[in-house]
Structures are given as C-alpha cells and as structure tokens.
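Residue numbers (my numbering): 103 to 244.
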C-alpha cells in the first residue's frame with residue numbers, strides 16, 4: 103500500500119487474515135446457528151479480544167438475538183483488576199445491548215491440579231450452571 107507521499111506502508115502481520123475473518127465471521131456464525139439445535143444462546147465473555155470479537159459478531163445477528171443472546175462473565179478473583187474487567191464487560195455489553203450475567207467463583211488449587219486448571223474447572227462449572235436445558239454455550243478461547 104502506498105501513501106500519497108510515495109512511502110510504503112506496511113500492514114501488520116496477519117492483517118489479511120483478520121480482514122477475512124471480520125468479513126466472513128458473521129456468515130460462518132449464521133450458518134452454524136442455523137445448523138445447531140434450537141436453544142438459548144450463552145457466550146462466555148472474558149472481555150479479551152477473542153471473546154469480544156465473538157460476542158460482537160453474534161450481537162449483529164438477528165438469529166443470535168432470537169435465541170436470547172446473553173453474555174456470561176466469570177470473575178475468578180485472582181487478579182487485582184478483576185472487578186475493573188467485570189465493569190468493562192458490563193459497559194461493553196450495555197453498548198452492544200447484550201444482557202450479561204457476572205459470575206464470581208472461588209478457585210481452589212489445593213487438589214493438586216494447579217491454579218490454571220483449577221480456575222478453568224471453576225469457570226466451566228459456573229458457565230454450565232447458567233446454561234438452560236437445551237441451551238448452547240459458545241466460547242472463543244477459554
């Protein structure tokens with residue numbers, strides 16, 4: 103790409119892939135929802151780039167909204183900024199007009215599985231408890 107000065111601009115590595123994903127993701131999600139059994143739609147939403155992209159894309163789809171699109175944010179309480187992250191998720195969901203439930207979990211790593219595995223287990227249990235019968239849980243990278 104050239105700027106008007108004749109200088110070359112370098113696009114960030116992976117830009118082409120990101121552009122294609124942004125362009126193609128809504129169609130892919132629409133097709134996936136059409137093929138999935140009916141049920142309420144819940145999205146695990148950490149507020150990070152992966153789950154934000156997923157939730158934003160779903161929020162643009164009438165089929166997702168028709169399924170009762172709802173975000174779920176899990177606060178493990180392991181980071182000093184976790185309450186601030188939860189507040190940012192609330193704010194973003196309000197902007198996208200997506201209902202959100204904040205879940206707080208206790209992580210017990212004393213079972214020998216390590217903190218990360220214990221946090222994952224607690225997160226999955228909390229998310230599963232929020233899923234109505236026949237509901238669909240969508241995760242980005244969790």
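Each residue gets a CB set at the ideal place from its N, CA and C atoms; glycine is no exception.
Residue of 224, 136, 186 minimising C-alpha distance to residue 238:
136
Would you check if there are 3 or more beta carbon pairs closer than 8 angstroms linking the stretch 192–199 to the stretch 209–222?
no
CA-to-CA distance, residue 126 to residue 199, given in whole angstroms:
22 angstroms
Measuring CA to CA, which of 188, 169, 172, 232 is closest to residue 179?
188
With respect to the alpha helix (DSSP H) encompassing residue 152, which residues constitute its N-terminal and C-terminal limits?
151–161
In whole angstroms, give me the CA-to-CA distance for residue 236 and residue 148.
23 angstroms
Three-state secondary structure assigned by DSSP to residue 144
strand
Proximity winner among 130, 134, 150, 139, relative to residue 242 (alpha-carbon distances)
150
My guess is that residue 204 and residue 175 are in contact by the Cβ rule of under 8 angstroms, so how many angstroms apart are they, rounded?
5 angstroms
Using the three-state DSSP reduction, which class does residue 138 fall into: helix, strand or coil?
coil
Taking the continuous beta strand (DSSP E) assigned at residue 206, which residues delimit it?
202–206
Beta-carbon separation of residue 169 and residue 142 under 7 angstroms?
yes
For residue 233, which residues of its own chain have a beta-carbon under 7 angstroms away from its beta-carbon, when the five flanking residues on both sides are left out?
144, 239
Would you decide whether residue 172 is buried or exposed? Buried here means 16 or more other CB atoms lie within 10 Å of its CB.
buried
Can you name the residues that DSSP bridges to residue 177?
206
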